[in-house]
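Here is the structure we will look at.
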Amino acid sequence: MRLNRLLASGLLILLMAGPGYAKFVPIRFDVSRNRLIEFMLSSQLPAEHFSRKSLADVAPAAFDLYLRQLDARKRFLLKANVLELRALAVHLADN
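In our numbering, the protein residues as written are 3 to 97.
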């Protein structure tokens, strides 16, 4: 019993110490990469898509679907992360 408690305590300490070594990486908005993706989507979407909607109309719904699928069980992204991603989403319709 004492060994189990000791192992559980050691595991808890290890799990709590791990995030202290994490590295904070600021979000970089790569304009050239996003322009390439926008060009590829805008050239292929009219030819391949069946509904003939403009990219500006499809972009918000596609981004919402992407966020729902990215963290469907809401385990990984914090509310602050989602707000940061939504702030970047306005650039989808601008391109």
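Using N, Cα and C, we set each Cβ at its ideal position, and we do this for glycine too. Since the model is a prediction, treat every value here as computed from it, not as a measurement.
Do residue j and residue i count as a contact pair if the criterion is CB distance below 8 Å?
i	j	result
Leu57	Leu47	yes
Phe65	Leu85	no
Roughly how many angstroms lie between the CA atoms of residue i and residue j, to the nearest whole one?
i	j	result
Ile29	Leu90	10 Å
Ala10	Asn83	31 Å
Asp32	Met18	34 Å
Tyr23	Leu16	11 Å
Val92	Ala63	12 Å
Leu72	Lys81	14 Å
Arg35	Glu50	22 Å
Ser44	Ala74	27 Å
Met42	Lys55	16 Å
Lys76	Arg70	9 Å
Quick one, which of the options has its alpha-carbon nearest residue i's?
i	options	result
Ala61	Phe78, Glu40, Gln71	Glu40
Tyr68	Arg54, Leu87, Ser53, Asp59	Leu87
In the DSSP assignment, the alpha helix (DSSP H) including residue i goes from what residue to what residue?
i	result
Tyr23	Looking at the DSSP string, Tyr23 is not in any alpha helix (DSSP H), and its letter there is neither H nor E.
Met3	Segment: none, Met3 is in no alpha helix (DSSP H) and carries neither H nor E.
Ser34	33 to 50
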